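Participant: Just so we're aligned: the sequence shown equals residues -24 to -1, 1 to 445 in mature numbering (1 follows the signal peptide of the UniProt record, and there is no 0). Idealized CB from N, CA, C, for every residue including glycine. Since the model is a prediction, treat every value here as computed from it, not as a measurement.
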Amino acid sequence: MHWSRGWGLAAGLVAVLAVAAVHAAWQDVVRPKMFVQIGAEDVFRFAGNTTSIDYFRLIVRDGNSLLVGGRNLVYNLSTTDLSENQRLIWYSPEDAVKMCVVKGKDEDNCQNYIRILAVMSPGKLLVCGTNSFKPICREYSVQTGSYTLEKEKPGQAMCPYDPHHNSTAVYVDGDLYTGTVADFSGMDPIIYREPLQTEQYDSMSLNAPNFVNSLTQGDFVYFFFRETAVEYINCGKAVFSRVARVCKYDRGGPHRFRNRWTSFLKSRLNCSVQGDFPFYFNEIQSTTELIEGTYGSVSRQLLYAVFTTAANSIGGSAVCAFSLQDISDTFEGNFKEQSELNSNWLPVQSMKVPDPRPGQCVNDSRTLPDLTLNFIKTHSLMDESVPSFFKQPIVIRTSYNYRFTQIAVDPQIKTPGGKSYDVLFIGTDNGYVLKTVNADSADTIERVSPVVIEEIQVFPSNVSVRSLK
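#1: Taking 9 Å as the threshold (C-beta atoms), are residue 188 and residue 202 in contact?
#2: Would you check if the distance between the CB atom of residue 271 and the CB atom of residue 35 is smaller than 9 Å?
#3: Counting only runs of 3+ residues fully inside the region 129 to 207, write out the beta strand (DSSP E) ranges in chain order.
#4: Can residue 112 and residue 50 be called in contact, C-beta distance under 9 Å?
#5: In or out: residue 122 buried (at least 16 other Cβ within 10 Å) or exposed?
#6: Taking the runs of the alpha helix (DSSP H) that are 4 residues or longer, which of them lie wholly in the region 315 to 403?
#7: In the DSSP assignment, what residue or residues form a beta bridge with residue 278?
#8: Just to confirm, are residue 428 and residue 362 a CB contact at a threshold of 9 Å?
#9: Kindly indicate which three-state DSSP category residue 41 falls into: helix, strand or coil?
#10: Since residue 118 sits in a beta bridge, which residues does DSSP pair it with?
#11: Determine the burial state of residue 445: buried for a count of at least 16 other Cβ atoms within 10 Å of its Cβ, exposed for fewer.
#12: From the DSSP output, read off the bridge partner residues of residue 451.
#13: Is the beta carbon of residue 417 less than 9 Å from the beta carbon of residue 398?
#14: Use the C-beta contact count for residue 138: other C-beta atoms within 10 angstroms, 16 or more gives buried, fewer gives exposed.
#15: So, with DSSP's three-state summary, where would you put residue 224?
#16: Do residue 424 and residue 366 have their CB atoms nearer than 9 Å?
#17: What alpha helix (DSSP H) runs, 4 residues minimum, are completely inside the region 55 to 86?
#18: For residue 176, collect the residues of the same chain with a Cβ closer than 7 Å to its Cβ; drop the 5 residues on either side in sequence, then sort them by chain order.
#19: If the criterion is Cβ atoms closer than 9 Å, does the pair residue 292 and residue 373 meet it?
#20: So, for residue 246: in the same chain, excluding its five sequence neighbours on each side, which residues have a beta-carbon less than 7 Å away from its beta-carbon?
#21: Using the Cα positions of residue 329 and residue 351, report the straight-line distance between them to the nearest angstrom.
#22: Check residue 211 in the structure and name its three-state DSSP category.
#23: Which residues in the same chain as residue 437 place their Cβ atom closer than 8 Å to its Cβ, once the five residues preceding and following it in sequence are excluded?
#24: Measuring only the C-alpha atoms, how far is residue 273 from residue 52?
#25: In the DSSP assignment, what residue or residues form a beta bridge with residue 52?
#26: Do residue 382 and residue 193 have their C-beta atoms closer together than 9 Å?
#27: Return the CA-CA distance between residue 396 and residue 414, expressed in angstroms with no decimal places.
#28: Cα-Cα, which of 320, 238, 268 and 299 is closest to residue 389?
#29: Suppose contacts are defined by Cβ-Cβ distances below 9 Å. Is residue 152 in contact with residue 145 by that definition?
#30: Along the beta strand (DSSP E) that carries residue 433, what are the first and last residues, could you check?
#31: DSSP state of residue 238, grouped into three classes?
#32: Would you check if the region 234 to 250 and the region 339 to 357 touch, i.e. whether three or more CB-CB distances between them fall below 8 Å?
#33: Taking the C-alpha atoms as reference points, what is the distance between residue 94 and residue 87?
#34: Alpha carbons only, please: which of 297, 357 and 321 is nearest the one belonging to residue 181?
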């Protein structure tokens, strides 16, 4: 893990303003203004356990500390210099490890990998671990120098069984929302907030998803993931990127809809190169959090996301931006349906959509009529895709040598000229971080002008960047 002493954002942004716009749909490979080989004096480092691999995958900021989830450990690090403040040690019981191995799992995977860290309130921490394929969640009170266990409960549907599974979690208003799998085999994907869940073993709801992030805004919680596309199944197999949302006030429905979401909707995210036959970057890998900014003459809440092509396709990566307004508009649009097994997926006619409209926040979802509940059970997919905010990817790279893996943003950095730009940090699977901006974003949303300010090698070429904060 590295923590930079400073990469000169302002200086880099001054240079951005003189770069000419790129008008072609496909971008030339934008060469960085500077290559940076980080030396020992340039960064603070934290290596964790030096005798075995820690499998760092989760980083959460808590005030002046970084909480890092690893194998059998949670590290509490100082944001100043990455020194270790304290650690929480949590091993799986020996009998759980043995049972995990008996069930056919590798002993290396039969450890306790920390996959959820959530600050519930000041001095109170929620920690969930895979616990040898038998997930458990614990609540700790945190005081200087110590963690005190207060509560323990099963972590099924909250924490993955398999440490390699791509899951997500966000703690909102006293509730934990998760996207994960709810069984040992990994065949039961779920979006969950106790006691509500998506339909079990229903490919219309979730079809082999890989979750990448979750966040909350307003009345809704949003989930970002990639999954096998049910609407494409008649043409073959393809993976599409999705955004889904649920209402924070959803209380489930009556009768057979008890403990089921009544507000779950999802839509495709469109990150593509425009043309008569668009070229799609179909597989979302990472997103930033929502940020607020001014782009051209409009103010919007945006998030940036990293997309790649399929593993067996031409090697390609891209960064696209999406506005919360466009996401909301898509969820207010037409629903998509397949009337018969072999028919095309088409938009649902407005006259067939029941009232109250499915997917909305209501005062008490338990009073919703069966007509609305039956509709949303079979029509969770929206017809329109969420468009890229800038109409095209901001950065494109084609390479068989590496792909983008992670993204973070330093929002609305102001230049001496008074304009503000979002500075993007893009991690790769060969140990680099690219620092880049869209030089046209302060003036227009109709075109992009990508500028790669720095290309920084933070890890050896065989080490992937797994998280950026």
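Facilitator: Reading it off the structure:
#1: To locate residue 202, count along the sequence shown from 1; it is residue 226. To locate residue 188, count along the sequence shown from 1; it is residue 212. The answer is yes: Cβ separation under 9 Å.
#2: Here residue 271 refers to the residue found at position 295 when the sequence shown is read from its first residue. Here residue 35 refers to the residue found at position 59 when the sequence shown is read from its first residue. Residue 271 is not a Cβ neighbour of residue 35, given a cutoff of 9 Å.
#3: Qualifying beta strand (DSSP E) stretches, in chain order: 144 to 148, 151 to 157, 165 to 169, 186 to 193 and 196 to 204.
#4: Sequence index remark: in the sequence shown, residue 112 carries index 136 (1-based). Sequence index remark: in the sequence shown, residue 50 carries index 74 (1-based). No, these two residues do not count as a Cβ contact at 9 Å.
#5: Taking the sequence shown and counting its residues from 1, one reaches residue 122 at position 146. The residue is exposed, with fewer than 16 neighbouring Cβ atoms inside 10 Å.
#6: The region 315 to 403 contains these whole alpha helix (DSSP H) runs: 346 to 354.
#7: Start at 1 with the first residue of the sequence shown, and residue 278 comes out as number 302. Residue 278 pairs with 267 and 299.
#8: Your numbering for residue 428 matches position 452 in the sequence shown. Your numbering for residue 362 matches position 386 in the sequence shown. Going by C-beta atoms, residue 428 is not nearer than 9 Å to residue 362.
#9: Here residue 41 is taken as the residue at index 65 of the sequence shown, counted from 1. DSSP places residue 41 within a strand segment (E or B) once states are collapsed to three.
#10: One-based indexing of the sequence shown puts residue 118 at position 142. DSSP, once it has assigned bridges, lists 123 as partnering residue 118.
#11: Here residue 445 refers to the residue found at position 469 of the sequence shown. Per the 10 Å Cβ criterion, exposed.
#12: A question about residue 451 goes unanswered here, because the residues of the chain that appear run from -24 up to 445.
#13: Against the sequence shown, residue 417 aligns to sequence position 441. Against the sequence shown, residue 398 aligns to sequence position 422. A contact, by the Cβ cut-off of 9 Å.
#14: In the sequence shown, counting from the first residue as 1, residue 138 sits at position 162. By the Cβ-count criterion, residue 138 is buried, with 16 or more other Cβ atoms from all chains shown falling within 10 Å of its own Cβ.
#15: Residue 224 sits at position 248 when you count from the first residue of the sequence shown. Assigned with DSSP and collapsed to three states, residue 224 falls in coil, not helix or strand.
#16: What you label residue 424 is simply residue 448 of the sequence shown in a count that begins at 1. What you label residue 366 is simply residue 390 of the sequence shown in a count that begins at 1. Yes, Cβ-Cβ distance for residue 424 and residue 366 is below 9 Å.
#17: You should have 70 to 78.
#18: If you number the sequence shown from 1, residue 176 lands on position 200. When the five nearest sequence neighbours on each side are left out, the beta carbons in the same chain lying within less than 7 Å of the beta carbon of residue 176 are those of 164, in order along the chain.
#19: Here residue 292 is taken as the residue at index 316 of the sequence shown, counted from 1. Here residue 373 is taken as the residue at index 397 of the sequence shown, counted from 1. Contact flag set, yes.
#20: Residue numbering aside, residue 246 sits at position 270 when the sequence shown is read from its first letter. Only 361, 362, 363 and 364 meet the Cβ criterion.
#21: Residue 329 sits at position 353 when you count from the first residue of the sequence shown. Residue 351 sits at position 375 when you count from the first residue of the sequence shown. Cα to Cα, the separation comes out at about 8 Å.
#22: Taking the first residue of the sequence shown as 1, we reach residue 211 at position 235. In the three-state DSSP reduction, residue 211 falls in the helix class (H, G or I).
#23: What you label residue 437 is simply residue 461 of the sequence shown in a count that begins at 1. Here the set comprises 406 and 407.
#24: Locating residue 273 in the sequence shown gives position 297, where the first residue counts as 1. Locating residue 52 in the sequence shown gives position 76, where the first residue counts as 1. Spanning the two alpha carbons is a distance of roughly 42 Å.
#25: As a working note, residue 52 is residue 76 in the sequence shown. Bridge partners of residue 52 according to DSSP: 43 and 62.
#26: Walking along the sequence shown from the start, residue 382 turns up at place 406. Walking along the sequence shown from the start, residue 193 turns up at place 217. Not in contact: residue 382 and residue 193 (Cβ atoms no closer than 9 Å).
#27: Within the sequence shown, numbered from 1, the residue matching residue 396 stands at position 420. Within the sequence shown, numbered from 1, the residue matching residue 414 stands at position 438. So the two alpha carbons sit approximately 11 Å from each other.
#28: The residue given as residue 389 occupies position 413 in the sequence shown. Relative to residue 389, the option among 320, 238, 268 and 299 whose CA is nearest is 268.
#29: For this step, residue 152 is matched to residue 176 along the sequence shown. For this step, residue 145 is matched to residue 169 along the sequence shown. Here residue 152 is near residue 145, since their CB atoms are less than 9 Å apart.
#30: Indexing the sequence shown from 1 puts residue 433 at position 457. Under the DSSP assignment, residue 433 falls in the beta strand (DSSP E) whose first and last residues are 426 to 433.
#31: Looking up residue 238 in the sequence shown gives position 262. Looking at residue 238 - three-state DSSP - the assignment turns out to be coil, as it is neither helix nor strand.
#32: Touching, per the Cβ criterion.
#33: Stepping through the sequence shown from its first residue, residue 94 is reached at position 118. Stepping through the sequence shown from its first residue, residue 87 is reached at position 111. Roughly 21 Å separates the two Cα atoms.
#34: Here the question's residue 181 lines up with position 205 in the sequence shown. Nearest C-alpha to residue 181: 357.
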